[in-house]
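Structure first, then comments.
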Amino acid sequence: MSTELLETKQWKTRRKSANSVFNGPILRRALLDSLIKLDPRVQLKNPVMFVVEVGSVITTIEFVRLLITGPSSELSFVLGVTIWLWFTVIFANFAEAMAEGRGKAQADTLRKTRSTTQAKRLASRLHTSPLTEVAAPELRKGDYVLVEAGEVIPGDGDVVEGVASVDESAITGESAPVIRESGGDRSAVTGGTRVLSDWIVVQISANPGETFLDRMIALVEGAARQKTPNEIALNILLASLTIIFLLAVVTLEPFAIYSHSPVSIPTLIALLVCLIPTTIGGLLSAIGIAGMDRMVQRNVLAMSGRAVEAAGDVDVLLLDKTGTITLGNRMASRFVPLEGVNERDLAEAALLSSLADETPEGRSVVALAKERYQLEAEEQPEAIFVPFSAQTRMSGVDLPTGEKLIRSVRKGAGDSVATYVRELGGSTTDELDALVKSIASAGSTPLVVAEAVTKDGATGQARLLGVIELKDIVKGGMRERFDQLRKMGIRTIMITGDNPLTAAAIAKEAGVDDFLAQATPETKMKLIREQQAGGRLVAMTGDGTNDAPALAQADVGVAMNTGTQAAKEAANMVDLDSNPTKLIEVVEVGKQLLMTRGALTTFSIANDVAKYFAIIPAMFTVAFPELNALNIMHLATPHSAVLSAVIFNALIIIALVPLALRGVTYRALGAGPLLSRNLLIYGLGGLIVPFIGIKLIDLLLVLLHLA
8 MSTELLETKQ WKTRRKSANS VFNGPILRRA LLDSLIKLDP RVQLKNPVMF VVEVGSVITT
68 IEFVRLLITG PSSELSFVLG VTIWLWFTVI FANFAEAMAE GRGKAQADTL RKTRSTTQAK
128 RLASRLHTSP LTEVAAPELR KGDYVLVEAG EVIPGDGDVV EGVASVDESA ITGESAPVIR
188 ESGGDRSAVT GGTRVLSDWI VVQISANPGE TFLDRMIALV EGAARQKTPN EIALNILLAS
248 LTIIFLLAVV TLEPFAIYSH SPVSIPTLIA LLVCLIPTTI GGLLSAIGIA GMDRMVQRNV
308 LAMSGRAVEA AGDVDVLLLD KTGTITLGNR MASRFVPLEG VNERDLAEAA LLSSLADETP
368 EGRSVVALAK ERYQLEAEEQ PEAIFVPFSA QTRMSGVDLP TGEKLIRSVR KGAGDSVATY
428 VRELGGSTTD ELDALVKSIA SAGSTPLVVA EAVTKDGATG QARLLGVIEL KDIVKGGMRE
488 RFDQLRKMGI RTIMITGDNP LTAAAIAKEA GVDDFLAQAT PETKMKLIRE QQAGGRLVAM
548 TGDGTNDAPA LAQADVGVAM NTGTQAAKEA ANMVDLDSNP TKLIEVVEVG KQLLMTRGAL
608 TTFSIANDVA KYFAIIPAMF TVAFPELNAL NIMHLATPHS AVLSAVIFNA LIIIALVPLA
668 LRGVTYRALG AGPLLSRNLL IYGLGGLIVP FIGIKLIDLL LVLLHLA
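Here the sequence shown stands for residues 8 to 714, numbered as in the working numbering.
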C-alpha cells in the first residue's frame, strides 16, 4: 500500500472517529471543559444558565450555613437541590463542550497535515527564472514558487504555468488525484497538498496565518463562530422569559409569608430553575455548533453559522446544468446528414474536424465515427488545426490537397457555421434550420458540419453537410430530488449557456421549475437580485472567477474547492469535494439545523408544565390543602416533589445531547406539516415525558430513603 493511500485511510479513520457522538478523547476533553466553563464570565454569555449558576451558588451558601448552625431536617434536601443545580449547569456546559470538542478534534487532525516545507521561490512567473529556496512561512502574497513532482505545495495560490496531478487528500480525505493547470476554473491549489506528477508554477495568494487551512482550523474548532440572527433572537426571548419568571418567583415569597407558609430559599430557586427554559438554554449553543460540524462532515466548509442558517431558509436554488443536473459530458449520439449528403461522408468530415479537439465532446465524435463506420483517425502531417474560440464558435481543420487547393472542414454552432458557408459562396437551407431546431427541442445540442474548398485563399465551393447530435444525459433521480425540494417550498432554476430550446427540453426532462438560458455573469446577477427583491433567499454554486459576483450576491454561495481563489473568497461556503450537487445537501443540513432548534425549543417549553404540577402543590399544600388536587402525579412528599423536578430538569439536558449533536431526522416537508409533526412529537412528548420521568425519580428517591 502506498504511503499516500495509507495516510488517506488514517485521515478518514481519524475523522470518522471524531464525528462519532461519544468519542473517548472528545468525551474526556468535554468533561474537563464543562468544568472550565463554570467561569461566570463564560456563563454570562448564556443568561439562562447564568441564572442557574447564581442559584447554585446561593443554595451552596445556604447549605454551608445550615451545616454550621447545626443539624437540620432541611440539610439533606438542600444538599440534593444544590448538587443537581450544579449538575444542570455542568450538563449544559458539557453539551456545548461536546459540540466544540468534535470541531477541535478535526482541527487537531488538520494541524497534523501542516508541515514547514521548503519552497522554491522564483524571481518571476516563468519556471525558468532564477530560484532561491526559502521556508514556506517566509512566502508572501504575490510570490511565485515552483513545485515539482513529490513536493508539497507551500501555500495557497493559483497555478500560472504548467499542469500537474495533485493529491488533495490532506484537505478532502479523497485519495483520487486531481488535475491543476493554469487558466480556466481549475487553477486554485491549497497549501499542504502534494504534487504527484509534472510541475507547476504557483502564485501565492495568502500570507502566513491567512491560508485556507488556517481559516478551516479556526472555523471547525469554533474560534471564529458567531451567533446567527435567529440564535440571537431566541437568546433574547429566553432571557426575557427568565426575567419574567424571576420576577414571578420573587413575588411568591411575600405571598407565602402572608399566608403563614414561608418557602425556603432553595425551594424558590428550584422553582425558578424549573420554570425557566433551561433545556433549550443549555442546548442552544450546541445545536448551532453541531450544525457547522455537520457541514464539515459532508466536506463543506461554512465560513459562518449565519451561512448554515441561511441555507435552511433558502427559497430558490440556482443550479448549473452541466455536472449538476446532467452528467456533464455531452456525447455524440448520431450523425444526421442533409439531403444529398452521404452519412459516411458526414462522419468522415466530423472525424477530421475533431482530431485536435481534446474535449470530451470532441473525443466522443471520433469514437462514434470509429464505432459506426470503422473510420480511422489517421495523422495529417500537413493539417492546420483551427481551435475553438468564443468569437468564431467553431473549430476544424484545413487540409492542403495539392494544386494550391485547401479543404477546410468546420463544426460548431449552427449560425456560426452557416455564416462561414455564406462567406465562402455557399448557401443555407430551411432543412438545416428545421433539423437544428428539432434536435435542440429534444434537449440535445446540434453541431453543424460544413466543408469548403478554396484556392489561394480565394472563395471556392462551400456546402453544409449535416449535424452532429450531442446528448446531455440528465442524472438519475434528479426529478425525484426536485420534487422533494418543491414539497419543501424551494424553487429550482437551472442555469445554462445553451440556447433556450435546448435549455427548455433539459429543464422539462429534469423537472426544474424554471431555467436561465445563454447565461452570462451579468444575467446571473440580475436573476439573483430579482429573486431577492421578491423577498426570497437564494443559493447557488460556482467555481470560476466569472461566478464570483453572483456567489457574493447570493445568500448562500457554495464555491468548488477546485475553482479559482476569487470564487472561494466570494462564497460563504466551500465544497472540498467540488461536487455541484452538494448544494442540495447544504440546504438539507441548514433545514435540519432549524428543525432541531425548533423541535428542542418546543420540547423545552412543553416540559415545564409537569414541573408546575410537581413544585407548586409542594410549596403551598400546607397553607392551601386544596392545591393538593394539582398533585396528579401523587408525589410522596413536598421535598421529594421539588427534588424530583430538579433532577429531571438536569437529566433531560444530558439525555438530549445526542439529538442536539446529530440533529433531528431530516424529512422533506413543507412548513405546515413540519409544524404539525414538531407539535405532535416534541410538543406532546414534552408534555408527557416529564410526568413519567418525575414520577419515576420520586419512586426511586422514596425507595432509597432520600426523600
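Beta carbons are placed, not taken as given, at the ideal position from N, Cα and C, and that holds for glycine.
Fair warning: this is a prediction, and the values are worked out from it, not measured in the lab.
Can you give me the Cβ contacts of residue i inside the same chain, cut-off strictly under 8 angstroms, excluding the 5 residues immediately before and after it?
i: residue 705; result: 640, 642, 643, 647, 648, 651, 714
i: residue 242; result: 53, 54, 234, 291
i: residue 206; result: 134, 153, 154, 155, 156, 169, 171
i: residue 424; result: 401, 417, 418, 455, 456, 457, 471
Within the continuous alpha helix (DSSP H) that includes residue i, where are the two ends?
i: residue 707; result: 691-710
i: residue 525; result: Note, residue 525: premise wrong, no alpha helix (DSSP H); not H, not E.
i: residue 57; result: 54-76
Residues in the same chain with beta-carbon distance under 7 angstroms from residue i, minus the five sequence neighbours each way, listed in chain order, please.
i: residue 283; result: 55, 58, 248, 249, 252
i: residue 343; result: 442, 473, 474, 476
i: residue 558; result: 547, 549, 564, 566, 574, 577, 578
i: residue 637; result: 620, 623, 624
i: residue 137; result: 130
i: residue 491; result: 675
Return the CA-CA distance between residue i and residue j, expressed in angstroms with no decimal places.
i: residue 484; j: residue 103; result: 38 angstroms
i: residue 389; j: residue 131; result: 37 angstroms
i: residue 701; j: residue 108; result: 31 angstroms
i: residue 17; j: residue 370; result: Since pLDDT at residue 17 reaches only 47, below the 50 mark, its modelled position is unreliable, and the value read off the structure follows with that caveat. Between residue 17 and residue 370, the C-alpha separation is close to 38 angstroms.
i: residue 61; j: residue 255; result: 17 angstroms
i: residue 523; j: residue 325; result: 9 angstroms
i: residue 500; j: residue 513; result: 12 angstroms
i: residue 469; j: residue 458; result: 6 angstroms
i: residue 584; j: residue 572; result: 16 angstroms
i: residue 85; j: residue 617; result: 22 angstroms
i: residue 493; j: residue 451; result: 26 angstroms
i: residue 159; j: residue 596; result: 33 angstroms
i: residue 44; j: residue 63; result: 15 angstroms
i: residue 379; j: residue 455; result: 19 angstroms
i: residue 82; j: residue 70; result: 7 angstroms
i: residue 712; j: residue 219; result: 59 angstroms
i: residue 588; j: residue 194; result: 21 angstroms
i: residue 686; j: residue 560; result: 36 angstroms
i: residue 230; j: residue 146; result: For residue 230, the pLDDT reaches just 43, beneath the cut-off of 50, and the residue's location in the model is therefore unreliable, although a value from the coordinates is still provided. Roughly 25 angstroms between the two C-alpha positions.
i: residue 599; j: residue 236; result: 17 angstroms
Going by C-alpha to C-alpha distance, which of the options sits closest to residue i?
i: residue 519; options: 525, 510, 526; result: 510
i: residue 346; options: 375, 435, 338, 258; result: 435
i: residue 375; options: 257, 357, 49, 679; result: 357
i: residue 506; options: 611, 668, 493, 448; result: 448
i: residue 200; options: 175, 354, 211; result: 175
i: residue 204; options: 165, 153, 218; result: 153
i: residue 403; options: 185, 197, 416; result: 416
i: residue 657; options: 79, 89, 76, 568; result: 89
i: residue 698; options: 665, 613, 663; result: 613
i: residue 553; options: 531, 32, 521, 446; result: 531
i: residue 666; options: 48, 105, 65, 32; result: 105
i: residue 489; options: 94, 322, 679, 239; result: 322
i: residue 299; options: 287, 289, 306, 312; result: 312
i: residue 422; options: 411, 398, 406, 407; result: 398
i: residue 238; options: 270, 289, 277, 188; result: 289
Between which two residues does the beta strand (DSSP E) holding residue i run?
i: residue 643; result: Where residue 643 is concerned, there is no enclosing beta strand (DSSP E), given that its DSSP letter is neither H nor E.
i: residue 151; result: 151-155
i: residue 209; result: 201-211
State buried or exposed for residue i, treating a residue as buried only when at least 16 other CB atoms are found within 10 Å of its CB.
i: residue 316; result: buried
i: residue 673; result: exposed
i: residue 525; result: exposed
i: residue 42; result: exposed
i: residue 39; result: exposed
i: residue 50; result: buried
i: residue 349; result: exposed
i: residue 244; result: exposed
i: residue 327; result: buried
i: residue 394; result: exposed
i: residue 537; result: exposed
i: residue 257; result: exposed
i: residue 287; result: buried
Can you name, in chain order, every residue of its own chain whose Cβ lies under 6 angstroms from the Cβ of residue i, other than the five neighbours on each side?
i: residue 610; result: 689, 693
i: residue 292; result: 103
i: residue 36; result: 108
i: residue 359; result: 404, 416
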